[in-house]
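In my numbering, the protein residues as written are 4 to 276.
Printed below as a string of C-alpha cells:
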C-alpha cells in the first residue's frame, strides 16, 4: 500500500512538471503586436507636464478696433503708416472706397509687436477728437498653449513607441497596421504644431483694425431772389434766340408761302372784277 501511494505521488509530481513546461512553452519569448492606449499615454505625459502650467508665461492675444472721422484722408493715412514703421509693425490689409451716403473711407489691418501695441495705439489716437468706436480686447490662451504642448509631447512619445514596434514587426500585416497608426499620429502632430504656430504668431504680434472716413461737405450755395430773376431773364432771352434761329431754318418754306399768298391774292382780285 505504501509503495502504491509513493507511485501515485511520483506520477502526480511528473504531471505537474509537464503542465508547467507546457505553459512556458506556450509563452515563448518573441515579438508580438500590442495595441497602445493613446489616452493612457497622453494622461501620463499630461501629468508630467502639469507642474509646468503654473510656470508658463501668460499668453495673451491683444486686438484693437478704431473708427473715427478725419478731414484729411491722405494725411491721416501717412500718419498711421509712419507710426507703424516706428513701432516695427506692418500693414496686413489696406483698402478704401466710398460710403453709401457719399463719403470716402479707408480700412487698415495692422500687426505690431505686442510690446509696442500700446505705443502705436496712443500715437494713432493723438489728434482724433472723437472715436465712433475704440475697443481693446485681450484673450488669454495660456491654458490652450500648455495643453497643446503637453498633447504634442504625448503624441511624439506615442510615435516613438510605434517606430520601435515597427522595427520588431514579424510580418507584412503587422507592418501595415503599425504604419497606418503612425500616419494618423503624425497627422495629429502636424495639426497641433500648426495650431501652436498660429497662437505664437497671434501672441507675439497684436492686431489693430483701423477704419477712418471723411463725409462729403455740401458746397452748393442757395441763390438769392435777384439772382433767380437774372437767371430767368437769361433763360427768356435764350428762348427768344432759339425761336429766331428756328425761323432761319424755315426760310425756304416762308418764301414759298409768301409767293403762294401773292398769287392767291391776285387771283381773288381778278375774280371780283
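Beta carbons are placed, not taken as given, at the ideal position from N, Cα and C, and that holds for glycine.
Model, not experiment: these values are computed from the prediction.
Less than 8 Å between the CB atoms is what I'm expecting for residue 128 and residue 66, so what's the real figure, rounded? Their Cβ separation, rounded to whole angstroms, is 16 Å, which puts residue 128 and residue 66 out of contact at 8 Å.
Could you check what DSSP says for residue 143 in three-state terms: helix, strand or coil? strand
Residues near residue 97 in its chain [Cβ-Cβ closer than 6 Å; skip 5 each side]: 111
If you count every other CB in all the chains shown that lies within 10 Å of the CB of residue 284, and 16 or more means buried, which is it? Residue 284 falls outside the range modelled here, since the chain spans only 4 to 276, and no answer is possible.
Nearest to residue 191 by CA position, among 71, 161 and 107, is which residue? 161
Heavy atom of the ligand COA less than 7 Å from the Cβ of residue 64, yes or no? The ligand COA is absent from the structure shown, which contains no ligands of any kind.
Residue nearest to residue 115 in terms of C-alpha spacing, selected from 214, 259, 151 and 204: 204
Tell me the DSSP secondary structure of residue 201 in three-state form. helix
On a CA-only basis, which of 108, 123, 117 and 118 is nearest residue 85? Give me that one, please. 123
Between the CA atoms of residue 62 and residue 80 - distance to the nearest angstrom: 31 Å
Can you tell me whether residue 138 is helix, strand or coil according to DSSP? strand
Strictly by DSSP, which residues pair up with residue 210? 66 and 114
Identity of the residue in 216, 70 and 232 nearest residue 135 by Cα: 70
State the Cα-Cα distance for the pair residue 202 and residue 147, rounded to the nearest angstrom. 9 Å
Counting C-beta neighbours from all protein chains within 10 Å, is the total for residue 216 16 or more, i.e. buried, or is it exposed? buried
Could you compute how far the alpha carbon of residue 76 sits from the alpha carbon of residue 137? 19 Å
Within the continuous beta strand (DSSP E) that includes residue 97, where are the two ends? 93-101
Nearest-angstrom Cα separation, counted from residue 149 out to residue 155: 10 Å
Residue 259 - DSSP class collapsed to helix/strand/coil: helix
Nearest to residue 89 (by Cα), restricted to the options 113, 258, 108 and 103: 113
Report the three-state DSSP secondary structure of residue 216 (helix, strand or coil). strand
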